[in-house]
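Chains as they are written, first to last, in my numbering: chain F, 1383 to 1551; chain X, 1383 to 1551.
The C-beta atom is built at its ideal place from N, Cα and C for all residues, glycine as well.
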């Protein structure tokens, strides 16, 4: 993959035009979306999880999701997970267990999301929501979360992956 | 969400710059990636599933995925699913069961992937692989697929969602 040009540079979010060499001397032109890495966490407490409901402008809808956020320059994914838990739902977590990572849609982006299960939750006094995120925190029974995936109330890919990894068999 | 300009127009794949109005008179500028809709299918036969292993240039790696593909102009998702099963793994499916849909990463793209479980498989004589896809078909035991997710050999989000929906509890 060889970069030809920058199509967009919005700081953390970049879009590049690239050339890809295939066997047989064929060259294709494509774009790559580079949004930087991210984390997503499923906060779990006894029989309950915490989700957020937020507005997503690309789909012009409110949807249910696990708390998540992008990794700042120089930050380790685990640090981001702690920070975003406070920013998005106002909780500190004693334990963040690594649950692997996912590629969200590797056909055109290099985006990776590191997954964590969050336990040992306590309210944080540093709670402040990001300006551009309109977020409602919801506490949902584990069984209800599984039902919400089955009946299509949860349609966010990272959230489904997290639930599978944290609450699956 | 108001479109300001086209940043990239590659036919099916578009990137747009948009303005978003927030409560309180705040306006943000963002981009939206519009790759068009897609489908992904988990072909299941007795105790086995079929996956593909393919090179993804944005991450410069070979990864395991469920067969998938983008919806052509005027095509219904179910038609795409039948077509892509033949193109990617060379099978016709008698039954394609709808398993809902996912948003891959709604923070910056409107991409939606419709999910299907494919059964009643038989080899197709129309099998032809797409030029830009280097694909190996692999037949894997259901239990092995679940292990591959647990141990991180499968990291593709849509594939994890499909396995959860088709092989989950």
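### Within the region 1509-1546 of chain F, ranges of the beta strand (DSSP E) (whole runs, at least 3 residues)
1517-1523
### Exposure label - residue 1409(F); buried when at least 16 CB within 10 Å
Counting from 1 along the first chain, the entry for residue 1409(F) is found at position 27. The residue is exposed, with fewer than 16 neighbouring Cβ atoms inside 10 Å.
### Within-7 Å CB hit, residue 1548(F) to chain X
Start at 1 with the first residue of the first chain, and residue 1548(F) comes out as number 166. Judged by the 7 Å Cβ criterion, residue 1548(F) is not in contact with chain X.
### Query
So which residues on chain X does residue 1412(F) lean against when the C-beta distance must stay under 9 Å?
As a working mapping, residue 1412(F) is identified with position 30 in the first chain. What residue 1412(F) touches in chain X: 1392, 1395, 1439, 1440 and 1514.
### Task
From the DSSP output, in three-state form, read off residue 1394(F) for me.
The residue labelled residue 1394(F) in the question sits at position 12 within the first chain. Coil.
### Contact set between the region 1533-1546 of chain X and chain F, restricted to residues whose Cβ is under 7 Å from the partner
Residues 1534, 1537, 1538, 1539, 1540, 1542, 1543 and 1546.
#### Entry: Three-way DSSP call (helix, strand, coil) for residue 1441(F) in this model
Here residue 1441(F) is taken as the residue at index 59 of the first chain, counted from 1. Reduced to three states, the DSSP call for residue 1441(F) is coil.
### Query
Does DSSP put residue 1448(X) in a helix, a strand or coil?
In the second chain, residue 1448(X) corresponds to position 66, counting from 1. Coil, per DSSP.
### Task
Give the range of the alpha helix (DSSP H) segment to which residue 1459(F) is assigned.
Against the first chain, residue 1459(F) aligns to sequence position 77. Segment 1459-1471, the alpha helix (DSSP H) holding residue 1459(F).
#### Entry: Length of the line joining the Cα atoms of residue 1520(X) and residue 1434(X)
Residue 1520(X) sits at position 138 when you count from the first residue of the second chain. Residue 1434(X) sits at position 52 when you count from the first residue of the second chain. Straight-line Cα distance between these residues: approximately 6 Å.
### Beta-carbon proximity of residue 1473(F) to residue 1516(F), cut-off 7 Å
Locating residue 1473(F) in the first chain gives position 91, counting from the first residue. Locating residue 1516(F) in the first chain gives position 134, counting from the first residue. No, the Cβ-Cβ distance between residue 1473(F) and residue 1516(F) is not below 7 Å.
### Task
Below 8 Å CB to CB, which residues in the same chain sit around residue 1443(X) once its five sequence neighbours on both sides are set aside?
In the second chain, the residue the question calls residue 1443(X) occupies position 61. Once the five neighbours on either side are set aside, the close Cβ partners of residue 1443(X) are 1437.
### Query
residue 1467(X): buried (16+ other C-beta within 10 angstroms of its C-beta) or exposed?
Sequence index remark: in the second chain, residue 1467(X) carries index 85 (1-based). Burial is judged here by how many other beta carbons sit within 10 angstroms of a residue's own beta carbon; residue 1467(X) has at least 16 and is buried.
### Message
As a quick exercise: from 1445(X), 1535(X), 1429(X) and 1498(X), pick the residue whose alpha carbon is nearest that of residue 1462(X).
### Response
Sequence index remark: in the second chain, residue 1462(X) carries index 80 (1-based). Ranking 1445(X), 1535(X), 1429(X) and 1498(X) by Cα distance to residue 1462(X) puts 1498(X) first.
### Query
For residue 1566(X) and chain F, any beta-carbon pair shorter than 7 Å?
With chain X represented from 1383 up to 1551, any question about residue 1566(X) goes unanswered, as that position is not in the structure.
### Task
Kindly indicate which residue of 1439(X), 1522(X) and 1399(X) has the alpha-carbon position closest to the one of residue 1385(F).
Here residue 1385(F) is taken as the residue at index 3 of the first chain, counted from 1. Per the C-alpha coordinates, the member of 1439(X), 1522(X) and 1399(X) positioned closest to residue 1385(F) is 1439(X).
### Query
Taking Cβ positions, are residue 1482(X) and residue 1452(X) nearer each other than 7 Å?
Translated into positions along the second chain, residue 1482(X) becomes position 100. Translated into positions along the second chain, residue 1452(X) becomes position 70. The answer is no: Cβ separation not under 7 Å.
### Message
When you compare the CB of residue 1417(X) with every CB in chain F, is at least one pair closer than 7 Å?
### Response
Taking the first residue of the second chain as 1, we reach residue 1417(X) at position 35. Yes - at least one Cβ of chain F is within 7 Å of the one on residue 1417(X).
### Task
State the start and end residues of the unbroken beta strand (DSSP E) segment that holds residue 1504(X).
Counting from 1 along the second chain, the entry for residue 1504(X) is found at position 122. Segment 1494-1505, the beta strand (DSSP E) holding residue 1504(X).
### Query
Closest Cβ-Cβ distance between residue 1485(X) and chain F: below 7 Å?
As a working mapping, residue 1485(X) is identified with position 103 in the second chain. Chain F, which has a Cβ nearer than 7 Å to the Cβ of residue 1485(X), makes this yes.
### Query
In terms of alpha-carbon separation, which member of 1471(X), 1387(X) and 1394(X) lies closest to residue 1455(X)?
For the purposes of this step, residue 1455(X) is taken as residue 73 along the second chain, with counting starting at 1. Comparing Cα positions, the closest option is 1394(X).
### Query
Where DSSP assigns a beta bridge to residue 1416(X), which residues make up the other side?
Locating residue 1416(X) in the second chain gives position 34, where the first residue counts as 1. Paired residues: 1396(X).
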